[in-house]
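Written out below as structure tokens is the structure these notes cover.
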Amino acid sequence: MDKLRRFIPLPEQSFFLFGPRGTGKSTWLRQVFPDALFLDLLDPAVHRSLEARPERLIELVTASPEAEIVVVDEVQRVPELLSAVHSLIETRPGLRFVLTGSSARKLRRGGVNLLAGRALNRSLHPFMAAELPVFDLTHALRFGMLPLVWASPQPADVLATYASLYLDQEIRMEGWARDAGSFARFLEAVSFSHASVLNAAEVARECEVERRTVVRYLEVLEDLLLSF
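All residue numbers for the sequence shown refer to the numbering used here, where the first residue is 16 and numbers rise by one.
The following block contains the structure:
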């Protein structure tokens, strides 16, 4: 995709950038900070190394003294890194961290150090119409405006794969929904409540689950930044 402008003000200090998968966080940050030290926790080798020893982050940053900005992509995959980030912010004045995340669940429920106000919060959502050189209302209503889907010549297939990704990788692997079949039915049922008043009891009846189960599933979607 060509470089596109996103309407998000850049802080002058370290910040978290939250947003669901596919909103273009990594792509946008590589465009905005081309000279940053970039650590992608979706890279298996990087993830294994830092998960085994989070303090390696300090070693990596120390070995790159020219780096003024450090991007840690998908920081929720190794929440313990935030203690190392905190230490570096305290000892390296002028060093800025950009910490992206597609799930607030692990960070919030893990009780990890959230930098005690030393990093601001920003969010990146799907495209706004004004961010696009050409806006197609019919396409937007049918497929949504996730950059990952919008840029694809086969948006229906990409959208189906995207839903499957969350069902398999984010939900089933993390054990957030014990019954993947019920959660899949929930996703289909709740999609008809888009931009309308949500009736959790009605969704529960359609999914053949208890209302409290639907409420828990909705909390999972909120934690994954997929619903508000």
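Heads up, the beta-carbon is just placed ideally off N, CA and C, and yes, glycines get one too.
Can you find the residues in the same chain that come closer than 8 Å, C-beta to C-beta, to residue i, ignoring five residues on each side of it along the sequence?
{"i": "F33", "result": "T115, G116, S117, A119, N136, R137, S138, L139 and L240"}
{"i": "E221", "result": "R200 and A204"}
{"i": "V93", "result": "L56, H62, L65, E66 and P69"}
Judging by CA-CA distance, which residue of the options is the nearest neighbour of residue i?
{"i": "T38", "options": "S179, E234 and L161", "result": "L161"}
{"i": "G132", "options": "P24, R71, F243 and F30", "result": "F30"}
{"i": "T42", "options": "S102, R21, P59 and P26", "result": "R21"}
{"i": "V86", "options": "A215, K121, S102 and P49", "result": "P49"}
{"i": "L202", "options": "Y181, S211, A216 and A210", "result": "Y181"}
{"i": "F53", "options": "R227, R111 and L174", "result": "R111"}
{"i": "L130", "options": "P35, I186, A60 and E105", "result": "E105"}
Could you pull the DSSP bridge partners for residue i from this structure?
{"i": "I84", "result": "R111"}
{"i": "L152", "result": "Paired residues: none, contrary to the question."}
{"i": "F31", "result": "L114 and N136"}
{"i": "L52", "result": "V85"}
Determine the direct distance from the alpha carbon of residue j to that of residue i, and round the result to whole angstroms.
{"i": "S179", "j": "P108", "result": "43 Å"}
{"i": "L213", "j": "S206", "result": "10 Å"}
{"i": "D172", "j": "V90", "result": "28 Å"}
{"i": "E95", "j": "Q46", "result": "27 Å"}
{"i": "E225", "j": "D88", "result": "36 Å"}
{"i": "R10", "j": "M143", "result": "Residue 10 is absent from the structure shown; the chain starts at 16 and stops at 243."}
{"i": "E83", "j": "A51", "result": "7 Å"}
{"i": "T153", "j": "G159", "result": "10 Å"}
{"i": "I73", "j": "D238", "result": "29 Å"}
{"i": "K121", "j": "V149", "result": "37 Å"}
{"i": "L25", "j": "T77", "result": "25 Å"}
{"i": "D58", "j": "S197", "result": "31 Å"}
{"i": "A216", "j": "F243", "result": "18 Å"}
{"i": "R71", "j": "A219", "result": "46 Å"}
{"i": "Q28", "j": "E223", "result": "48 Å"}
{"i": "H229", "j": "S167", "result": "Note that residue 229 corresponds to Val in the displayed sequence, not to His. Computed Cα separation, rounded: 32 Å."}
{"i": "L236", "j": "L156", "result": "20 Å"}
{"i": "E208", "j": "D151", "result": "For the sequence presented, residue 208 should be read as Ser rather than Glu. Distance between the alpha carbons of S208 and D151: 22 Å."}
{"i": "L227", "j": "D194", "result": "Checking the sequence shown, residue 227 turns out to be Arg, not Leu. Distance between the alpha carbons of R227 and D194 is about 14 Å."}
Go ahead and pull the three-state DSSP assignment for residue i.
{"i": "R137", "result": "strand"}
{"i": "L161", "result": "coil"}
{"i": "G37", "result": "coil"}
{"i": "F243", "result": "coil"}
{"i": "D58", "result": "coil"}
{"i": "P94", "result": "coil"}
{"i": "A166", "result": "coil"}
{"i": "F142", "result": "coil"}
{"i": "I23", "result": "coil"}
{"i": "D238", "result": "helix"}
{"i": "E66", "result": "helix"}
{"i": "H101", "result": "helix"}
{"i": "D172", "result": "helix"}
{"i": "V224", "result": "coil"}
{"i": "L129", "result": "coil"}
Got a sec? Which residues, its chain only, sit under 7 Å from residue i by beta carbon, not counting five neighbours each side?
{"i": "W165", "result": "F142"}
{"i": "L163", "result": "G37, V173 and Y177"}
Could you tell me whether any non-hydrogen atom of the ligand PLP is closer than 7 Å to the CB of residue i?
{"i": "A216", "result": "In terms of ligand content, the structure shown is empty, and the ligand PLP therefore cannot be addressed."}
So, for residue i: in the same chain, excluding its five sequence neighbours on each side, which residues have a beta-carbon less than 6 Å away from its beta-carbon?
{"i": "S79", "result": "L52"}
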